[in-house]
Structure formats: C-alpha cells, structure tokens
Amino acid sequence: MNILVTGGTGYIGSHTVVELQQQGHTVVIVDNLSNSHANVVDRIAEITGIRPEFHQFDLTDGEKTAAFFTNHSDLDGIIHFAAFKAVGESMADPLMYYHNNLGSLINILKGMKEHGIRNLVFSSSCTVYGQPDDLPVRETSPVKEAWSPYGNTKQMSEQIIRFSVEAYKLKAIALRYFNPIGSHESALIGELPLGVPNNLVPFITQTAIGLRQTLNVYGSDYNTPDGTAIRDYIHVVDLAKAHVVAVNRMMKEAGKPDYEIFNLGTGNGFSVLEVIQSFEKVSGQSLNYKITDRRPGDVEKVWADTSYANEELGWKAEKSLDEMMLSAWKWEQSLAAKKQ
Ligand code: UD1
C-alpha cells in the first residue's frame, strides 16, 4: 500500500515509517521540519534499507498541499502526525495551534475528498479526556472541556474527522496516545526535542548526560501513593506498530465501522518517582532531581483501559517501563557520542 505519513521525520512519525516499511508498505513523508531534521530520512533508510520519498513543505499551505495531492493521487491512505504538541506553548499562543493543527488537517481532508483517498489514521491524545472521573479510562469515557488549546485541537480534529467521514464517505481511525517514550533499538532514531524539553523522559536523560542540571519533579502532593502524578507510558515502537495494524484494518478488513477510536497505552500507570527509579536502575546513574510546585495544567493521574484496542486490533503493548527507559538512555548516549 502507498501511505502518506505527515510528520514522518518527527518522533512518533519516524518510528512508524520504519514499521510500515518493514511490513512492506511504500511510504511518502511530508514534513515541514519545524521540529525535526532532514537527516532522519537517512536514518530510516539505514534501519530499513529503503529510502522513503520525502517532501518538505507546510501542510497549512493550501496550494502546496493541493499540488502534492495532484501528484500523489495513487495514495491508499494517510497517517497524519504533523502537528504542534507543546501544552504550555499552546496556552501562550492558542491561534498558532488552531491555525497549524486544524489548518493542516482540513487541507489533508480536502485532498482525500478530491482524489478519492479513503483511509485516514489520526494522531489523537489521551488529553481529550482531561482528568477522567473513572480510571482506567475507556474510549467511551466523556471527552471533557479541554485544559489547553493543544488538547482542544485534538478534540476538534476528532470532530472534524467524524463529520468528514460521514459526508465524504471516508474511513478513519483516531488513536488516542497516552505517554509515548523510548526509542528504536538501533538508537538511530528517537525523540529530539529542540531546546529545553517539556516532557519528562527527555528531561531525565538530558539531566543524566549532563545537559541539564536538575530535573524538577512537578508536585508531590497529588492524591497518589507517592504523591507524584501518574501517567501511562508506552514504548514508541509499540505505538508505531499499532499504526500499521490500524492501516491494515482499514484497508483489508471489510465490515468495520467507518470511524473508530482506540486508546493506545499499556494499561499501567506509573508515578514520576517510579519513572525516575526505573531510569536509575537500568542506567546505573543516580539522577539529580528536586520536588517543586505542580505544573499548571497537569492532570493528577490517567491511565488507559486498553481492552478495546487489545481485542479489536489484536494489538498489545509489549515493552516494560525498564525497557522504555533503557532505550531512551541508549538514544541519549548515542546523541552524546555523535557530538564528540
Ligand atoms: C502532555 C499531554 C499529552 C501530550 C504531551 C506532549 C496531557 C494530560 N498530556 O503529556 O497529551 O501529547 O504532553 O507534549 O495534557 N514532569 C516532571 N518534570 C518535568 C516534566 C514532566 O515532573 O520536567 C511530570 C509531569 O508533571 C507529568 C509527567 O511528568 O506528571 C509527564 O509529563 P510530560 O512528559 O510532560 O507529559 P504529559 O504532560 O503527561
């Protein structure tokens, strides 16, 4: 199958391109490189032996996107990752987030409609649930008032897709990710945050390698066993594999609903301190951290009920927290080795 992967040089996108190619799919990447590097394409080629076609442009540019689709009307499906994802940045500049995340989706849906491309997999997030009333959270749990413009773009995107599927006779799967971490076992691709990382795991590995002085643990007064916030961390390769399953399901299995939503997590919640302990164990490093105030906008605890994805997709996250942390650490070490 010919699959367009938007945001294919990004963190989750690049891991998904690898899995797609290894399963025999042909991949075209579109990325504006706003938060990634062109050399990721070389790394993908190194891992898989296949160099994906790569186009650098911004999907909010309607003319460029339309021209791309005119030249690629033979696509069988699209996995749409390209989006901004920093919660704090979205609070500071909401319009930038609505323009980018919704504008690119609308241009993609237009291209699908005009060229008869029927299948879409969309990167959604557990952020659509806010702080759920009941845990683990199921796909049928209420989507609550958004806590950030970023989260709101994910909620709105799901709605835009739902109505477009109906109106234009498309098929779509929205995948609600919990917290993706870790990197490919080759340590050739991984998470590459520009500047100071917002997310926990890159901050941990950058602190351990000496790029940051101290990790701030945001809050120890939550209503959790050790007082720190709980998340469902999932290995990015497990997550990437779920995209291949979703693509295959839409294209090869008849009789499924036209629009589906799945949680992608492990079903296990870990606190910030448990993540730090796992890192210290697998790396043999002692991490410099201190407890600080809560980070505004953070929810207390969230983890997934994964039974629907497990049963319907026949997919299950396999990697443990220790494996995730070890792969993240190997990636950080490989980045440091390249700088020397
Ligand atoms: C958030 C979003 C998620 C989004 C992701 C992308 C929510 C509920 N989740 O994840 O949808 O895809 O950002 O950026 O909005 N922490 C520290 N110190 C740090 C960094 C983080 O203690 O330096 C803590 C946080 O308080 C949190 C946990 O680590 O409890 C995970 O944080 P992070 O990795 O930033 O992810 P989320 O905020 O859960």
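Quick note, the working numbering runs 60 ahead of the 1-based positions in the sequence shown. All residues carry an ideal CB built from backbone N, CA and C; glycine is no exception.
Buried or exposed: where does residue i fall if 16 or more other Cβ atoms within 10 Å of its Cβ makes it buried?
i: Gly-137; result: buried
i: Lys-229; result: exposed
i: Asn-239; result: buried
i: Asp-298; result: buried
i: Ser-367; result: exposed
i: Ala-127; result: exposed
i: Lys-390; result: buried
i: Ser-133; result: exposed
i: Val-256; result: exposed
i: Thr-213; result: buried
i: Thr-326; result: buried
i: Thr-200; result: exposed
i: Gly-84; result: exposed
i: Leu-119; result: buried
i: Met-156; result: exposed
i: Asp-102; result: exposed
Considering Cα atoms alone, identify which of the options is closest to residue i.
i: Asp-193; options: Ser-367, Lys-361, Met-384; result: Lys-361
i: Glu-371; options: Ala-306, Lys-312, Tyr-158; result: Ala-306
i: Met-384; options: Tyr-293, Lys-173, His-75; result: Tyr-293
i: Ile-177; options: Ser-183, Ser-184, Leu-169; result: Leu-169
i: Ser-246; options: Glu-392, Asp-91, Ile-89; result: Glu-392
i: Thr-66; options: Pro-112, Asp-102, Thr-108, Ile-107; result: Pro-112
i: Gly-122; options: Ser-96, Met-156, Leu-165, Val-188; result: Leu-165
i: Glu-226; options: Tyr-282, Pro-196, Thr-108, Glu-320; result: Glu-320
i: Pro-109; options: Val-77, Asp-118, Lys-124, Thr-120; result: Residue identity differs from the one stated: residue 109 is Gly in this sequence, not Pro. If we check each option's Cα against that of Gly-109, Val-77 comes out closest.
i: Val-88; options: Glu-218, Tyr-157, His-97, Gly-73; result: Gly-73
i: Leu-64; options: Asp-153, Ser-94, Gly-171, His-97; result: Gly-171
i: Gln-191; options: Val-203, Ser-184, Phe-182, Leu-180; result: Val-203
i: Asn-283; options: Ser-331, Gly-315, Val-304, Ala-152; result: Ser-331
i: His-159; options: Cys-186, Asn-259, Ala-143, Arg-272; result: Ala-143
i: His-175; options: Phe-129, Glu-218, Val-100, Cys-186; result: Phe-129
i: Gly-68; options: Asn-131, Cys-186, Ala-98; result: Ala-98
i: Phe-182; options: Pro-154, Leu-275, Tyr-237, Ile-269; result: Tyr-237
i: Gly-344; options: Leu-373, Lys-350, Ile-336; result: Ile-336
i: Asn-276; options: Phe-322, Asn-348, Lys-173; result: Asn-348
i: Leu-271; options: Asn-161, Thr-187, Leu-395, Ser-380; result: Leu-395
i: Ile-269; options: Leu-324, Ile-107, Lys-399; result: Lys-399
i: Leu-224; options: Leu-180, Pro-196, Leu-260; result: Position check: residue 224 holds Ser in this sequence, whereas Leu was assumed. When each option's Cα is compared against that of Ser-224, the closest is Leu-180.
i: Leu-324; options: Trp-363, Glu-334, Asp-318; result: Trp-363
i: Ile-107; options: Ala-289, Ala-314, Leu-248; result: Leu-248
i: Glu-218; options: Lys-145, Leu-162, Leu-254, Ala-369; result: Leu-162
i: Ile-241; options: Leu-386, Ala-314, Ser-346, Asp-153; result: Leu-386
i: Asn-131; options: Ile-139, His-115, Ala-146, Lys-145; result: His-115
Measure the beta-carbon distance from residue i to residue j and round it to whole angstroms, keeping in mind my assumption that it falls under 8 Å.
i: Asp-382; j: Gly-279; result: About 24 Å; that fails the 8 Å criterion.
i: Ala-234; j: Ile-221; result: 6 Å
i: Ala-397; j: Ser-243; result: Their Cβ separation, rounded to whole angstroms, is 14 Å, which puts Ala-397 and Ser-243 out of contact at 8 Å.
i: Gly-70; j: Phe-141; result: 6 Å
i: Ser-150; j: Tyr-189; result: About 17 Å; that fails the 8 Å criterion.
i: Trp-375; j: Lys-312; result: About 15 Å separates the two Cβ atoms, so there is no contact after all.
i: Glu-79; j: Val-296; result: With a Cβ gap of about 10 Å, Glu-79 and Val-296 do not count as contacting.
i: Ser-208; j: Gly-357; result: 6 Å
Indicate the three-state DSSP secondary structure (helix, strand or coil) for residue i in the structure shown.
i: Gly-137; result: strand
i: Ile-351; result: strand
i: Val-188; result: helix
i: Asn-308; result: helix
i: Phe-238; result: coil
i: Leu-275; result: strand
i: Leu-169; result: helix
i: Ser-246; result: coil
i: Glu-313; result: coil
i: Thr-265; result: helix
i: Arg-291; result: strand
i: Lys-376; result: coil
i: Ile-220; result: helix
i: Ala-397; result: helix
i: Thr-366; result: coil
i: Ala-232; result: strand
i: Ile-110; result: coil
i: His-75; result: helix
i: Glu-251; result: coil
i: Leu-324; result: strand
i: Phe-129; result: helix
i: Tyr-319; result: strand
i: Thr-401; result: With the chain covering 61 to 400 only, the question about residue 401 has no answer from this structure.
i: Phe-117; result: coil
i: Thr-86; result: strand
i: Leu-80; result: helix
i: Ile-177; result: coil
i: Leu-64; result: strand
i: Lys-214; result: helix
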